[in-house]
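Quick notes on the structure that follows.
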Amino acid sequence: MTQHSTFRRIITTDLPVLLIVLFAMAPFVWMILTSLTPTATLSATGVSLSPMGWSMDNYVRLIEQTSFLKNMLDSLIIAGGTVVVGLLVSVTAAYAFSRFRFTGRKLLMMQFLLINMFPIVLLILPLFVLMRSVGILDTHFGLILANATVAIPFAVWMLTSYIAAIPKSLDEAAMTDGCSRLTALRKVVLPLTMPGIISTGIYIFITAWNEYLYALTLGGRNVRPVTVAIQTLIGEYQIEWGLLAAGAVVGAMPATILFLLVQRRLIGGLTQGAVKG
Numbered sequence: 001m002t003q004h005s006t007f008r009r010i011i012t013t014d015l016p017v018l019l020i021v022l023f024a025m026a027p028f029v030w031m032i033l034t035s036l037t038p039t040a041t042l043s044a045t046g047v048s049l050s051p052m053g054w055s056m057d058n059y060v061r062l063i064e065q066t067s068f069l070k071n072m073l074d075s076l077i078i079a080g081g082t083v084v085v086g087l088l089v090s091v092t093a094a095y096a097f098s099r100f101r102f103t104g105r106k107l108l109m110m111q112f113l114l115i116n117m118f119p120i121v122l123l124i125l126p127l128f129v130l131m132r133s134v135g136i137l138d139t140h141f142g143l144i145l146a147n148a149t150v151a152i153p154f155a156v157w158m159l160t161s162y163i164a165a166i167p168k169s170l171d172e173a174a175m176t177d178g179c180s181r182l183t184a185l186r187k188v189v190l191p192l193t194m195p196g197i198i199s200t201g202i203y204i205f206i207t208a209w210n211e212y213l214y215a216l217t218l219g220g221r222n223v224r225p226v227t228v229a230i231q232t233l234i235g236e237y238q239i240e241w242g243l244l245a246a247g248a249v250v251g252a253m254p255a256t257i258l259f260l261l262v263q264r265r266l267i268g269g270l271t272q273g274a275v276k277g
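The UniProt record's numbering numbers the first residue of the sequence shown as 1 and each following residue consecutively.
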C-alpha cells in the first residue's frame, strides 16, 4: 500500500512538477549555452552542448566593445531610486489610509487598484510631454518618477494591509508618552512593518529593473538601461546571438541574485500582506 501511494505521488505530483520546471528553465539554459558558444561555432554548427566548446569570448566582447557596464549602472540607479521614492511615498500614504477615515478613502483605494489594471503604455505620451516641458527627459530622475507611477499604487495597496494589522493602540500609547504622529510612525509602526516594507521594496526593484517601455521612450543617449541596451545589440543586417545572449545573462543576473537571496521573505511577505487588513 505504501509503495502504491509513493508511485501514485510520483506520477501525479512529482513528475508533472519536474516537467513544468524543465519547461520553464529550458529557455534560460539555452540562453546560457548560447552565450558560452563562440560566434564561429554558432554560425557553423549551432549551440555547443560540450564544455570543451565553451568560451567567455562573448562576455569579453560585451564588456570591451559596448557600454554595457554603464547601462548596468543606469539600471541600478533607476531601480534603486524607484525603491527609495516608491517607499517614501507609499509608506506615508499607507499609514494615512490605515489610520484615518476620511471622505473618499475607499474611492482612492479603489483607484490605486484600478491603476494596476491599465497598461503603462497609456501613460507614456502624457509623461513624455510633461517631462520634456520640465526638462527631465532622458535623465535618471525622469525614469525614476516614471517607474514610480507603476510602483506606488501597488506599494500603497500592499503596505496599507500591513499597517492596518498593527493595533492603533500602539500609536496612541506612543503619542501619550509624548511622541508626535511621525515619531510614532518611525519608532513604532515602521519596525513592525519592516517585513512588508522589505518585500514591497524588492518587488519595486525587480519591476523597475525589468521595465522596458518607459526606458525606451523616456530614455535616450544619456540614460540607457539594460533592457534597452540589449536591443541595440541587434544589428540591421545580422544578429550576433552569442553577444545578445551574453547581454541577456549579465542583465538578468542582479535581479536573479536578489530574488534568490530573499525569495522566502518576498513570497512570505506578499502572501502575508495579501491576507491582512
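Cβ atoms here follow ideal geometry from the backbone N, Cα and C, with glycine treated the same way.
Quick caveat: nothing in here was measured; it's all calculated off a predicted structure.
Alpha carbon of residue i to alpha carbon of residue j, nearest angstrom
i      : j      : result
THR41  : TRP54  : 10 Å
MET109 : ARG99  : 14 Å
LEU73  : MET158 : 29 Å
ARG105 : LEU261 : 37 Å
VAL223 : TRP209 : 14 Å
LEU76  : LEU192 : 28 Å
LEU114 : THR149 : 13 Å
ILE239 : ILE206 : 28 Å
SER67  : VAL85  : 27 Å
TRP30  : TYR237 : 23 Å
Three-state secondary structure assigned by DSSP to residue i
i           : result
ILE136      : coil
ILE206      : helix
residue 291 : With the chain running from 1 to 277 in the structure shown, residue 291 is simply not present.
ILE198      : helix
ILE120      : coil
Beta-carbon separation (whole angstroms), residue i vs residue j, contact threshold 8 Å
i           : j      : result
LEU258      : ILE198 : Contact doesn't hold; Cβ gap of about 11 Å is too wide.
VAL21       : LEU33  : Their Cβ separation, rounded to whole angstroms, is 18 Å, which puts VAL21 and LEU33 out of contact at 8 Å.
SER35       : GLY235 : At roughly 17 Å, the Cβ-Cβ gap does not stay under 8 Å, so SER35 and GLY235 are not in contact.
ASN188      : ASP171 : According to the sequence provided, residue 188 is Val. The question's Asn does not apply to it. With 8 Å as the limit, VAL188 and ASP171 qualify as a contact, their Cβ atoms being about 6 Å apart.
residue 305 : PHE97  : This structure gives no information on residue 305, because the portion of the chain shown stretches from 1 to 277.
ALA184      : MET175 : 6 Å
The alpha helix (DSSP H) enclosing residue i, as first and last residue numbers
i      : result
SER75  : 68-99
LYS106 : 105-115
GLN238 : Here GLN238 belongs to no alpha helix (DSSP H), and DSSP marks it neither H nor E.
LEU22  : 15-36
Three Cβ pairs or more, each shorter than 8 Å: is that satisfied between the stretch 77-96 and the stretch 136-155? yes
Kindly confirm or deny that the stretch 75-84 and the stretch 141-151 touch, where touching means at least three C-beta pairs closer than 8 Å. yes
Below 8 Å, how does it come out for the stretch 214-222 and the stretch 109-124: are there three or more Cβ pairs, yes or no? yes
Would you check if the stretch 55-72 and the stretch 243-257 touch, i.e. whether three or more CB-CB distances between them fall below 8 Å? yes
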